[in-house]
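Report on one structure; see the data block that follows.
Protein chains in written order, with our numbering: chain A, 1 to 218; chain B, 219 to 436.
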């Protein structure tokens with residue numbers, strides 16, 4: 001399948017690498033076509049890895065992955081173009097992290113809105129699914145880095161789109177029963193609001209490589 | 219030990235029951251001395267269970283537990299009185315949940331502040347520790363209701379107060395290594411902001427009886 005990955009940071013490149021390794025074809029999109037990270041990525045990715053603008057990546061992809069920072073996601077997707085996102089699964093990985101000069105974390109938006117919801121509202125023809133924002137990038141595409149069973153989450157308005165994302169997560173190594181469906185796209189708000197907790201846990205554990213699992217009453 | 223429990227809802231009564239069962243003496247505090255829930259609780263609690271006003275409960279307790287709703291916690295603690303809280307461990311269980319008429323959840327405060335932090339700022343002589351707000355009440359005092367190892371969290375500025383709370387959690391059945399220290403009282407913000415996630419998980423699981431456990435890189 002052809003994927004457009006919007007965003008050339010560590011998350012975007014990690015997802016793009018995994019998609020190519022799985023046999024998919026990827027265009028990694030950046031603000032400008034001359035983006036050095038995207039050029040370097042495409043050069044080492046082999047014949048199935050390309051670079052382009054946000055619009056070229058969105059045009060290329062049968063599915064689109066938003067791997068930008070949540071604070072710039074809407075701007076990047078506007079550059080990608082609503083007409084190139086319509087009808088496609090749009091997997092949103094982003095978190096709206098805002099760090100103060102002193103390093104304090106806040107979220108924007110938060111509480112009454114989320115990046116996932118904003119994307120779905122602004123691009124009503126896109127089939128937005130929020131997922132994987134609760135994990136460090138290496139774990140997104142390789143859950144076996146942690147022992148035992150652990151969980152990821154999906155949220156979105158389009159049940160068929162969520163099923164496609166669950167299947168993609170399966171390609172990444174996530175068993176179907178490890179994926180917890182948190183309902184409609186407003187579940188993105190719940191997922192993004194776990195970020196301050198994630199940061200504190202990272203500090204407590206001394207590693208970014210950790211994940212949720214849940215114990216339930218039997 | 220003598221405990222004052224502020225708040226006569228399900229959380230307060232569950233904590234008070236457990237403390238009495240452990241051999242402690244408890245005054246369950248309510249806005250008015252004639253509160254029927256508190257009277258009924260004291261009547262069935264035996265000689266170590268009492269009821270009183272917020273101020274009487276705080277005066278009675280060598281330690282104080284805030285089991286009010288987060289939206290009214292400060293008002294309740296003002297009624298308890300700063301002079302009756304100073305120097306004491308103040309275990310804050312609250313969450314600032316605000317439900318719209320349509321049932322939508324938001325938090326107030328959120329993102330740049332939390333109930334735990336507000337309590338510590340307004341009562342600087344109290345030794346505030348945030349804990350147990352991530353769990354349904356029956357699990358707070360009986361972790362064995364769920365199989366296997368799972369986690370609770372503490373946050374607070376006073377390390378000795380946190381150690382006292384970890385010991386109390388041990389009395390409740392939480393092994394010391396199940397308690398994750400999330401740092402200073404601003405960790406309360408991270409903990410309270412997990413509430414939308416908790417609500418969505420409850421909906422996905424169809425039960426309130428679930429809890430976090432974490433998988434980490436080995």
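Built from N, CA and C at the ideal position, the CB exists for glycine as well.
For residue j and residue i, believed in contact at Cβ under 8 Å, the rounded distance
{"i": "residue 411 of chain B", "j": "residue 333 of chain B", "result": "Not confirmed; about 11 Å, so no contact."}
{"i": "residue 494 of chain B", "j": "residue 267 of chain B", "result": "Past the boundaries of the shown model lies residue 494 of chain B; chain B is included only from 219 to 436, so the question cannot be answered."}
{"i": "residue 409 of chain B", "j": "residue 197 of chain A", "result": "7 Å"}
{"i": "residue 358 of chain B", "j": "residue 224 of chain B", "result": "Contact flag wrong, Cβ pair sits at about 15 Å."}
{"i": "residue 1 of chain A", "j": "residue 43 of chain A", "result": "Between residue 43 of chain A and residue 1 of chain A the Cβ distance is about 22 Å, and since that is not below 8 Å, they are no contact."}
Range of the contiguous alpha helix (DSSP H) that encloses residue i
{"i": "residue 306 of chain B", "result": "Careful: residue 306 of chain B lies outside any alpha helix (DSSP H) and carries neither H nor E."}
{"i": "residue 414 of chain B", "result": "413-423"}
{"i": "residue 77 of chain A", "result": "73-80"}
Residue range of the unbroken beta strand (DSSP E) whose run includes residue i
{"i": "residue 131 of chain A", "result": "127-131"}
{"i": "residue 110 of chain A", "result": "No beta strand (DSSP E) holds residue 110 of chain A; DSSP gives it neither H nor E."}
{"i": "residue 214 of chain A", "result": "210-216"}
{"i": "residue 315 of chain B", "result": "315-317"}
{"i": "residue 222 of chain B", "result": "220-224"}
Nearest neighbour of residue i, chosen from the options [CA to CA]
{"i": "residue 204 of chain A", "options": "B:435, B:429, B:426 and B:401", "result": "B:401"}
{"i": "residue 199 of chain A", "options": "A:176, A:136 and A:190", "result": "A:136"}
{"i": "residue 79 of chain A", "options": "A:55, A:65, A:85 and A:100", "result": "A:55"}
{"i": "residue 57 of chain A", "options": "A:103, A:38, A:43 and A:70", "result": "A:38"}
{"i": "residue 230 of chain B", "options": "B:394, B:406 and B:284", "result": "B:284"}
{"i": "residue 363 of chain B", "options": "B:321, B:428, B:252 and B:244", "result": "B:428"}
{"i": "residue 148 of chain A", "options": "B:262, B:431, B:232 and B:228", "result": "B:431"}
{"i": "residue 169 of chain A", "options": "A:186, A:36, A:91 and A:43", "result": "A:91"}
{"i": "residue 8 of chain A", "options": "A:19, A:36 and A:21", "result": "A:36"}
{"i": "residue 346 of chain B", "options": "B:375, B:352 and B:321", "result": "B:375"}
{"i": "residue 311 of chain B", "options": "B:261, B:228, B:260 and B:321", "result": "B:228"}
{"i": "residue 153 of chain A", "options": "A:178, A:159 and A:138", "result": "A:178"}
{"i": "residue 174 of chain A", "options": "A:151, A:159 and A:160", "result": "A:151"}
{"i": "residue 235 of chain B", "options": "B:299, B:356 and B:316", "result": "B:356"}
9 Å Cβ cutoff met for residue i and residue j
{"i": "residue 381 of chain B", "j": "residue 337 of chain B", "result": "no"}
{"i": "residue 434 of chain B", "j": "residue 207 of chain A", "result": "yes"}
{"i": "residue 390 of chain B", "j": "residue 360 of chain B", "result": "yes"}
{"i": "residue 69 of chain A", "j": "residue 96 of chain A", "result": "yes"}
{"i": "residue 202 of chain A", "j": "residue 105 of chain A", "result": "no"}
{"i": "residue 241 of chain B", "j": "residue 222 of chain B", "result": "no"}
{"i": "residue 155 of chain A", "j": "residue 188 of chain A", "result": "yes"}
{"i": "residue 437 of chain B", "j": "residue 282 of chain B", "result": "Here chain B has residues from 219 to 436 only, and residue 437 of chain B is not among them."}
{"i": "residue 249 of chain B", "j": "residue 294 of chain B", "result": "yes"}
{"i": "residue 403 of chain B", "j": "residue 348 of chain B", "result": "yes"}
{"i": "residue 244 of chain B", "j": "residue 263 of chain B", "result": "yes"}
{"i": "residue 289 of chain B", "j": "residue 331 of chain B", "result": "no"}
{"i": "residue 176 of chain A", "j": "residue 165 of chain A", "result": "no"}
C-beta neighbour in chain E for residue i, strict 9 Å
{"i": "residue 415 of chain B", "result": "The question asks about chain E, but that chain is absent: this structure's protein chains are A and B."}
- Starting from the N-terminal side, write out each stretch of the alpha helix (DSSP H) that is 4 residues or longer and does not extend beyond the region 226-281 of chain B. 228-239, 254-263 and 272-278
* To do: Quick one: which unbroken alpha helix (DSSP H) runs of 4-plus residues sit fully inside the region 137-189 of chain A? Chain order, please.
  => List check, alpha helix (DSSP H) in window: 137-140 and 159-172.
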